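Numbering (my numbering), first residue to last: 13 to 265.
Let me begin by presenting the structure, written as structure tokens, before commenting on it.
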Ligand code: UDP
């Protein structure tokens, strides 16, 4: 990390509009729905602009194959996958290095909140499918996976919300598009944060930032996760709140 602020950093305090007309702190249009796949035990759909992801959860169910079962807790299996038509240049179907890496970081993040000890010898499977990609797919997948687990009734200590923030075209911005990620000075920082304790369960970085820029990005990511958490909560309430029922969950599930 270099310690010299980039020459454009202070421009960020202006409200210079981004290539798609957004202000630095604006999300793309976000849509979040719970219970979109009938056959899964839990599911969710998350859309950040043109990035669209579905997550489905099965389990807890007995571990298969049995010799891989953990006698102390459930095994969490996470699979992130991009459909061939989700990206500009048709993608070869099936897993690749990138999808294996994303599946791992998503699993690591979810493992911090799912109460796996409640289900020894079992498995819980989370499948995340990218229908359309315009950057931010891992954070959309993680946001959807967290909701799908809640929809499946799997006990979690708290909900995980995620967003990518970063630098693009001399500004610190929220929810980067692929066009912004491709900017010459771009640095993409996907962040996942839990709702109550504000613990960070995913933080990646693919470039060079000053401490000042990094702190500004973390601050924006933290504020963004609070907003995304409210949208996740609304999506769950939309499915589960009975007509006329008063719910006072105060951010807790
Ligand atoms: N992408 C692509 N083809 C690929 C992988 C990625 O076109 O095989 C695009 C896609 O739009 C993706 C973006 O590159 O969202 C950024 O990918 P990255 O690895 O940074 O992960 P993401 O931002 O999606 O979490």
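Built from N, CA and C at the ideal position, the CB exists for glycine as well.
Because the structure is a prediction, the values reported are computed rather than measured.
For residue i, the first and last residue of its enclosing alpha helix (DSSP H)
i           : result
residue 272 : The question about residue 272 has no answer, for the chain in this structure spans 13 to 265.
residue 115 : 109-123
Burial state of residue i (16 or more Cβ within 10 Å)
i           : result
residue 36  : buried
residue 28  : exposed
residue 60  : buried
residue 127 : exposed
residue 200 : buried
residue 262 : Summary for residue 262: the model assigns pLDDT 49, below 50, so the residue's position carries little reliability; its value from the coordinates is reported in the next sentence. Label assigned to residue 262: exposed.
residue 238 : exposed
residue 250 : exposed
residue 252 : exposed
residue 264 : Reliability fails at residue 264, whose pLDDT of 46 lies under 50, so the model's placement of it is uncertain and no value is given.
residue 160 : buried
residue 209 : exposed
residue 219 : exposed
residue 178 : buried
residue 112 : exposed
residue 241 : buried
residue 232 : buried
residue 116 : exposed
residue 1   : The question about residue 1 has no answer here: the residues shown for the chain are numbered 13 through 265.
residue 225 : buried
residue 247 : buried
residue 192 : buried
residue 266 : Residue coverage of the chain in this structure runs from 13 to 265, which leaves residue 266 outside it and unanswerable.
residue 163 : buried
residue 123 : exposed
residue 31  : exposed
Where the beta strand (DSSP E) containing residue i begins and where it ends
i           : result
residue 145 : Run containing residue 145: none; DSSP gives neither H nor E here.
residue 199 : 199-206
residue 213 : 212-215
Anticipated Cβ contact below 8 Å, residue i with residue j, distance rounded
i           : j           : result
residue 86  : residue 72  : 5 Å
residue 48  : residue 136 : Not confirmed; about 19 Å, so no contact.
residue 217 : residue 211 : Not a contact, Cβ separation roughly 18 Å.
residue 171 : residue 244 : 6 Å
residue 151 : residue 176 : 5 Å
residue 187 : residue 40  : 6 Å
Heavy atom of the ligand SAH within 6 Å of residue i beta-carbon
i           : result
residue 149 : Of the ligands one can find in the structure shown, namely the ligand UDP, none is the ligand SAH.
Enumerated in chain order, which unbroken segments of the beta strand (DSSP E) with a length of 3 residues or greater are wholly contained in the stretch 163-194? 172-180 and 183-186
Could you pull out every unbroken beta strand (DSSP E) segment of at least 3 residues lying fully inside the stretch 21-90, listed in chain order? 42-46, 54-60 and 63-74
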